[in-house]
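Here the structure comes first, spelled out in structure tokens, and everything after it is commentary.
2 protein chains.
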Amino acid sequence: MHQSSTLITPPTRPMVWHGWGDPAQRPGLSRRAEGYLAAEIGPLDRHTPPVALDDVRVGDSALTGAARAALAEVVGEAHVADDRLTRIEHAGGKSYPDLLRRRLGDAVAAPDAVVLPGSHDEVAAVLQVAVREGIAVVPFGGGTSVVGGVEPERGGFHALIALDLARMDRLVSLDEDSLLATFEPGIRGPVAEAELRRRGYTLGHFPQSYAYASIGGYVATRSAGQASTGHGRIDENVHAVRLATPAGDLAFGRSPATAAGPDLRGVAVGSEGLLGVITEATLRVAHAPEVEVHEAVAVRSFAEGSALLRDLIQSGVAPDVCRLSDEDETRVFAQQSEGLKGRAFRGWLRLRGYGDGCLVILGWDGPADRVALRRSLARRVLAGHDVLRLGTRPGDAWAHGRFNGPYLRDELMDRGIMVETLETATTWTRQAELHAAVRRALSDALADHGTPAVVLCHVSHLYEAGCSLYFTWICRQAVGAELEQWRDAKTAACRAIVEAGGTITHHHAVGTDHRPYMADEVGDLGVALLRAMKDVVDPTGVLNPGKLIPGPP
Amino acid sequence: MHQSSTLITPPTRPMVWHGWGDPAQRPGLSRRAEGYLAAEIGPLDRHTPPVALDDVRVGDSALTGAARAALAEVVGEAHVADDRLTRIEHAGGKSYPDLLRRRLGDAVAAPDAVVLPGSHDEVAAVLQVAVREGIAVVPFGGGTSVVGGVEPERGGFHALIALDLARMDRLVSLDEDSLLATFEPGIRGPVAEAELRRRGYTLGHFPQSYAYASIGGYVATRSAGQASTGHGRIDENVHAVRLATPAGDLAFGRSPATAAGPDLRGVAVGSEGLLGVITEATLRVAHAPEVEVHEAVAVRSFAEGSALLRDLIQSGVAPDVCRLSDEDETRVFAQQSEGLKGRAFRGWLRLRGYGDGCLVILGWDGPADRVALRRSLARRVLAGHDVLRLGTRPGDAWAHGRFNGPYLRDELMDRGIMVETLETATTWTRQAELHAAVRRALSDALADHGTPAVVLCHVSHLYEAGCSLYFTWICRQAVGAELEQWRDAKTAACRAIVEAGGTITHHHAVGTDHRPYMADEVGDLGVALLRAMKDVVDPTGVLNPGKLIPGPP
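Right, here's the structure in full:
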């Protein structure tokens, strides 16, 4: 199975400091896609590579000798890194503004040191040092945040360390009767999956950041993966979680379910490093699939596709992967995908009366007989809708390129192009309005900068009550005002989401980028609840300042 | 459909003050069950009816005239009740110790008045009066708590009101596209279900307290119903929730799912009136079922039955209702159920080589074709286990008597018998040990009082990772030491649960009875998180003192 081998092959090299993954693995932009983008947003003729590593600006480490020695005493001298490259590699996550800054040579805010603990007790001890010495601590898993979740914001402290959990990378235990696996937080997606597949299990969790993201990061950010419609979001799959905090340990999850008061397990999940450092997570696993199938259908419009998806999920027969691209995203997908013969594909759709049409990817995994049964049940639902079945080739094309988005961003950023994504979710009832509102907000905001955009959208996670919406926009960078251009577009989209009743983030988390909208999401009093919990576990505020909770750093 | 008509017929009379429901509806104890119990625990020859209403002791109302007037100004004079019967009716919930006290004539702690708000704004205004006047407030839905969740504990305040939500009993709206229904909190189970069935939907939530319990109570206590294996616990079905608190309003749930930080919706759910009064809840609904089927199988032992249930849920084909009685509960069920011919039933099991055997009830509901398909898939799993199929008669017998437990308790309490239940949950791996530990703890504790007990248990909620365990014990009351006897048994069972790694409550909630174990459940630091949130929304502590959160009232 082609897919499975992809899923259990970890990258051989660490992520490049200025972009995604291993540049040697970067797929190119297809000629057709290039031509399409040029026609839509203007020529892709600029050459805007990242500065050379030597030209990146990094401040001197502000860590005192005493503090450094205290940290080294906890984790060992070998596990306190303050060399230039390591600090630059931890100078933020992988959001568009993060990359923009680093590509332009700005890593001035880089952590003063990167500390790599080897155990829960070492994490707890590092936090004690941080409190005593007044050092901000950014818990750092895969470093793949696209919302500023690992920004080195000092929050008034004189120094800051990144607490890199890479050494805590074990599958601690597997309870096969209860289908539960306990992991250390720093284990990466493919490594965790390989450990499980070797024993006959799967986590079934495949976010686009999969190759580099860590289990602890999944849990800290309420991650959702491409198969989460079937396998569930990570928050639905957390059985137990343990955290180290400056005020002591937290441990939640004695049982699959409980009525013992408010859900504190659900508070730890999504706490983004502000309420403690996750040092262990017990997750539900499933039996490894015998088969994986990705097929595709075309529908006439995004509205008809949405009606189909709603019918599938509400009939209880949704596939594990269920993904609907809107008209514009379908067009770009057809241009970029190998083997799909973009113009021919669209021509064919038109010929069959589907106009531009929208692409739906349906993916199943599991035991062969169950997949066959589920597909046949889904076909009955499909039969009630006006769909054109496209077979498995577009599905395979999607699966083949499913983790490539961040690489294409680097490719485009090298050519003076902005590519950014954001996501939300709402009820089926409000979905069309939210889709229109965000598209309009992004298009208008970018047009105001004189950089007309292609705005794409897909649905990728279904719920009985509604679905996610994932937007991508592509436009020429506003030269010299790249960050302002990004901020204006982001702000316009976020305000549109809030006003249309969507959630400010469905699976990217809050970080710094969505922090200004938390009061819209949970109210001022909700923010006060978060702040009060923060004050209990982290009274001096060393944990990940400037993220998630609005108000004082 | 017999069952459906039961489910949408609300009781015609309010609950009797000294017991469950409408005594005119109380089913008797079968002769066989009576003989069985007499043989096991000694003669049922005492006559211990409740005292006459006139003999119940109630203190004078401590409410000042000014406070009473201020409350009446908010809700209207007609909606402040301080007559003797109303106060006695609100002097607690329906736990064994609650009933014991009232049956013995003790309602001294009864609320000083019962206040019935008509809207969110009135709830908010009542809370302002309570804060200003220093009055404790017990939010009161159906009043069916079996863990002391509506005990009139004053927590140092000079007066206490029950905030009865019975007037807030509307289905506010129904979003048919998104399968979401918004309710006021005071609507009772059968009324809500009737409103939904009339429109073609169901909530699918049927706790044993169903006839009287309220939607707000479900949400405040993380309720689970008899079909929750299929339809999900209430906490899995809450889309949005609104609360009034002394510090302002809380509203969570903009989307089916979100990554916007810690799950505050999950904090409001299960907050048991301590973090605010739930004034509106939006719940997921399903299409009303075309068919309902309850069938039964016998297995040789509780261990074999547990293995079967685990296989069903982990194969993805668990029924909506899935219930396994242990050997002792199977014996009592066979004695008590109409049409099952207890001795003959057991003799038959023995003849077929199933020894005493254990009963498994499997219930399906939904569209006829889906139910047929799901049953056939489950039959394949059953075929891999050593089961004796018993057809639908025992399933129907269970369904017929499914809400009768609380009535039988009254019947037995009239005859000097203690009947109490408690419940927990754990992983499949720990289930057998937890079952044994709690049985042993209860048996030993009651034997120490010279009152040997029948201890029964069933599994009634399945999860991929584990299941619930629901214990019932029956023994003669220790005359003159009834409350001590209860407390000793309860304490022993709770300690056993904590030590065996179970949750202190799977669906009854915390209330006063499980409060001493919250630090075992979530740790001292977890308790501090709850306390900190409480201090934000209710700084003077008027909301439901003495429940849920250990520490100062």
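Here the protein sequences line up with chains A and B, keeping their order.
Yeah, the first sequence ends on 553 if you go by the numbering used here, and it's all consecutive.
Yeah, the second sequence ends on 1553 if you go by the numbering used here, and it's all consecutive.
Cβ atoms here follow ideal geometry from the backbone N, Cα and C, with glycine treated the same way.
Can you round the beta-carbon distance between residue i and residue j to whole angstroms, since I take them to be within the 8 Å contact cut?
i               : j               : result
residue 285(A)  : residue 357(A)  : Actually they do not touch by this definition, with Cβ atoms about 37 Å apart.
residue 152(A)  : residue 230(A)  : Actually they are not in contact, since the Cβ atoms of residue 152(A) and residue 230(A) sit about 37 Å apart, beyond 8 Å.
residue 959(B)  : residue 1420(B) : This structure does not reach residue 959(B), given that chain B is present from 1001 up to 1553, and the question cannot be answered.
residue 1361(B) : residue 1294(B) : 6 Å
residue 1444(B) : residue 1492(B) : 7 Å
From residue i to residue j, what does the alpha carbon distance come to, in whole angstroms?
i               : j               : result
residue 1395(B) : residue 1305(B) : 16 Å
residue 224(A)  : residue 1314(B) : 22 Å
residue 235(A)  : residue 180(A)  : 14 Å
residue 1482(B) : residue 259(A)  : 27 Å
residue 127(A)  : residue 518(A)  : 26 Å
residue 271(A)  : residue 220(A)  : 5 Å
residue 1534(B) : residue 1060(B) : 30 Å
residue 194(A)  : residue 207(A)  : 16 Å
residue 1416(B) : residue 1440(B) : 23 Å
residue 1217(B) : residue 1190(B) : 14 Å
residue 354(A)  : residue 436(A)  : 21 Å
residue 400(A)  : residue 6(A)    : 9 Å
residue 1329(B) : residue 1035(B) : 15 Å
residue 2(A)    : residue 24(A)   : In this prediction, residue 2(A) scores a pLDDT of 45, lower than 50, which makes its location untrustworthy; no coordinate-derived value is stated.
residue 1250(B) : residue 526(A)  : 7 Å
Please list, in chain order, all residues of the same chain as residue i whose beta carbon is under 6 Å from its beta carbon, the five residues on each side excluded.
i               : result
residue 1017(B) : 1088, 1089
residue 145(A)  : 93, 511
residue 66(A)   : none
residue 1162(B) : 1090, 1111, 1114, 1138, 1140
residue 1130(B) : 1137, 1542
residue 1337(B) : 1397
residue 1460(B) : 1323, 1468, 1470
residue 1242(B) : 1251, 1279, 1280
With 16 as the cutoff for other CB atoms within 10 Å, does residue i come out buried or exposed?
i               : result
residue 45(A)   : exposed
residue 1103(B) : buried
residue 1057(B) : exposed
residue 12(A)   : exposed
residue 75(A)   : buried
residue 52(A)   : exposed
residue 198(A)  : exposed
residue 1173(B) : exposed
residue 47(A)   : exposed
residue 351(A)  : exposed
residue 1121(B) : exposed
residue 317(A)  : buried
residue 484(A)  : exposed
residue 1184(B) : buried
residue 292(A)  : buried
residue 101(A)  : buried
residue 1555(B) : This structure cannot speak to residue 1555(B), because chain B is shown only from 1001 to 1553.
Smallest Cα separation from residue i: which of the options?
i               : options                            : result
residue 1442(B) : 1543(B), 1432(B), 1454(B), 1433(B) : 1454(B)
residue 1311(B) : 1368(B), 1386(B), 1238(B)          : 1386(B)
residue 528(A)  : 551(A), 540(A), 542(A), 538(A)     : 551(A)
residue 54(A)   : 345(A), 84(A), 80(A)               : 84(A)
residue 1468(B) : 1476(B), 1502(B), 1232(B), 1329(B) : 1502(B)
residue 497(A)  : 462(A), 431(A), 536(A), 134(A)     : 431(A)
residue 1464(B) : 370(A), 239(A), 23(A)              : 239(A)
residue 1410(B) : 1494(B), 1276(B), 1474(B), 1081(B) : 1474(B)
Residues in its own chain within less than 7 Å of residue i by CB, not counting five upstream and five downstream?
i               : result
residue 325(A)  : 333, 358, 359, 458
residue 1433(B) : 1500
residue 1381(B) : 1311, 1312, 1315, 1317
residue 1404(B) : 1027
Only counting the same chain, and skipping five residues up and downstream in sequence, which positions put a Cβ closer than 8 Å to that of residue i?
i               : result
residue 86(A)   : 114
residue 1266(B) : 1235
The ligand SAM and residue i: does any heavy atom of the ligand fall closer than 7 Å to the residue's C-beta?
i               : result
residue 1096(B) : Absence of the ligand SAM is noted for the structure shown, with no ligands found whatsoever.
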